[in-house]
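Peer 1: First residue of the sequence shown: 181, per my numbering; consecutive thereafter.
Quick reminder that beta carbons are idealized off the backbone N, C-alpha and C, glycines included.
The structure presented is a predicted model; accordingly, all values stated were derived computationally and were not measured.
Attaching a single structure in structure tokens format; questions to follow.
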Amino acid sequence: MSEATIPFDDPEEIRTLLGARDEHLRRVRDSVGVDVVIRDDTLKIQGDRESVDQGVAVIRRLREVIGVTGELRADDVLKAIGQVGESISLPDVAASDPRGDGRSRIELFESAKDVHPKTPGQGAYVDAILRNDLVFCTGPAGSGKTYLAVAMALSALRSELVRKIVLVRPAVEAGEKLGFLPGDVTAKVNPYLRPLLDALAEILSYDQVKRYIEHDVIEIVPLAFMRGRTLNETFIILDEAQNATRTQMQMFLTRMGQGSKIVVSGDITQVDLPDHLAGGLPDAIKRLTSIDGVDVVRLGGRDIVRHRLVSEIVKAYTKRPSNAR
Numbered sequence: 181m182s183e184a185t186i187p188f189d190d191p192e193e194i195r196t197l198l199g200a201r202d203e204h205l206r207r208v209r210d211s212v213g214v215d216v217v218i219r220d221d222t223l224k225i226q227g228d229r230e231s232v233d234q235g236v237a238v239i240r241r242l243r244e245v246i247g248v249t250g251e252l253r254a255d256d257v258l259k260a261i262g263q264v265g266e267s268i269s270l271p272d273v274a275a276s277d278p279r280g281d282g283r284s285r286i287e288l289f290e291s292a293k294d295v296h297p298k299t300p301g302q303g304a305y306v307d308a309i310l311r312n313d314l315v316f317c318t319g320p321a322g323s324g325k326t327y328l329a330v331a332m333a334l335s336a337l338r339s340e341l342v343r344k345i346v347l348v349r350p351a352v353e354a355g356e357k358l359g360f361l362p363g364d365v366t367a368k369v370n371p372y373l374r375p376l377l378d379a380l381a382e383i384l385s386y387d388q389v390k391r392y393i394e395h396d397v398i399e400i401v402p403l404a405f406m407r408g409r410t411l412n413e414t415f416i417i418l419d420e421a422q423n424a425t426r427t428q429m430q431m432f433l434t435r436m437g438q439g440s441k442i443v444v445s446g447d448i449t450q451v452d453l454p455d456h457l458a459g460g461l462p463d464a465i466k467r468l469t470s471i472d473g474v475d476v477v478r479l480g481g482r483d484i485v486r487h488r489l490v491s492e493i494v495k496a497y498t499k500r501p502s503n504a505r
């Protein structure tokens, strides 16, 4: 058993380090695998030597953040844990898969379906979401883009890393005009947003989904309704992003507030925008990938986990017909 002692001169710094209901310190403790005790103006870290060294390094980074900003957010804690070493696990968000195949299981706690990446590409997607505030994901139908993003959002919500989830989709028709739709605004946009509800229903029970939506913990909105908003401590997912224009994409990405995370997913082979409009997804990827905290994951045919025929269908449509000129 090893132990390290860290003295504090400022009681306010200790309170900031603890976080609301000690959530920051609990996350460090559980992620690194150490015992943490605070007595008076001293913090003690106990555990095996390697874990204690990692714990000290994380605390040091968090104190640097507090010194610069005067505050500490949940994503600051996750970032510090990730920076200290790739070997540190994040049990509240992704626990080891009991199947032993090296892929992580997304922790959704009680009353939820067990969700885990099924391919190396999906594993890289989950890891990118854990370690970055803005992730772009492109890939074919059935590769898990939406499903895994929704699962990660629910995990972040239940781990109290965010206060709410906002699921967004462009209201663009896929090649056919639906005409006038009866009902109020909700009824009119429901056909466009239904796939997001389906992803939620795959993971949670109907009652849980209904309760979250009724209490505005989960919000499902068309992309056009995002203008003018600022979303703090929110996990935001833009689905079918290949149908967002360049202007819409800029508008959407600038909705990000403090403590928020954004996942943007789309299939660039299935664009339903009119020919005269430039797509916002490839443009955003080109402009933003060099920024720290932004990552891009490209899934492929090997990541398709729907019916086995979906992979063959995608492959067939990406081939050039033999009689094409």
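Can you tell me the Cα-Cα spacing of Leu380 and Thr469, whole angstroms?
Peer 2: Mapped onto the sequence shown, residue 380 falls at position 200. Mapped onto the sequence shown, residue 469 falls at position 289. Rounded to whole angstroms, Leu380 to Thr469 spans 29 Å at the Cα level.
Peer 1: Cα-Cα, which of Ala254, Gly303, Arg349 is closest to Ile417?
Peer 2: Mapped onto the sequence shown, residue 417 falls at position 237. When each option's Cα is compared against that of Ile417, the closest is Arg349.
Peer 1: What does DSSP give as the partner residues of Ala184 in its beta bridges?
Peer 2: Here residue 184 refers to the residue found at position 4 of the sequence shown. Bridge partners of Ala184: Ile225.
Peer 1: Straight-line CA distance for Ala304 to Lys325?
Peer 2: One-based indexing of the sequence shown puts residue 304 at position 124. One-based indexing of the sequence shown puts residue 325 at position 145. Roughly 12 Å between the two C-alpha positions.
Peer 1: Compute the beta-carbon to beta-carbon distance between Leu223 and Val214, rounded to the nearest angstrom, for a pair I have assumed lies under 8 Å.
Peer 2: As a first step, residue 223 must be located in the sequence shown, where it is residue number 43. As a first step, residue 214 must be located in the sequence shown, where it is residue number 34. With a Cβ gap of about 11 Å, Leu223 and Val214 do not count as contacting.
Peer 1: In whole angstroms, what separates the C-alpha of Gly359 from that of His456?
Peer 2: Mapped onto the sequence shown, residue 359 falls at position 179. Mapped onto the sequence shown, residue 456 falls at position 276. With a pLDDT of 48 at Gly359, under the threshold of 50, the modelled position of that residue is not reliable, and the figure given next carries that caveat. A direct Cα-Cα distance of roughly 22 Å separates Gly359 from His456.
Peer 1: In angstroms, rounded to a whole number, what distance separates the CA positions of Gly437 and Val342?
Peer 2: For the purposes of this step, residue 437 is taken as the residue at position 257 of the sequence shown. For the purposes of this step, residue 342 is taken as the residue at position 162 of the sequence shown. Roughly 11 Å between the two C-alpha positions.
Peer 1: Is Thr425 buried or exposed, if buried means 16 or more other CB atoms sit within 10 Å of its CB?
Peer 2: The residue you call residue 425 lines up with position 245 of the sequence shown. That one is buried.
Peer 1: Would DSSP call Ala496 helix, strand or coil?
Peer 2: Your numbering for residue 496 matches position 316 in the sequence shown. When secondary structure is reduced to three states using DSSP, Ala496 falls in the helix class.
Peer 1: Would you kindly work out how many angstroms separate the C-alpha atoms of Pro462 and Gly446, rounded to a whole number?
Peer 2: To locate residue 462, count along the sequence shown from 1; it is residue 282. To locate residue 446, count along the sequence shown from 1; it is residue 266. If you take the alpha carbons of Pro462 and Gly446, they lie about 10 Å apart.
Peer 1: Using a Cβ-Cβ cutoff of less than 7 Å, which residues in the same chain neighbour Arg478 once the five nearest sequence positions on both sides are dropped?
Peer 2: Here residue 478 refers to the residue found at position 298 of the sequence shown. Closer than 7 Å at Cβ, skipping near neighbours: Thr318, Gly319.
Peer 1: Using 8 Å as the Cβ pair cut-off and three pairs as the minimum, do the stretch 251-264 and the stretch 326-345 touch?
Peer 2: yes
Peer 1: Quick one: is Glu492 buried, meaning 16 or more other Cβ sit within 10 Å of its Cβ, or exposed?
Peer 2: Locating residue 492 in the sequence shown gives position 312, counting from the first residue. Glu492 should be labelled exposed.
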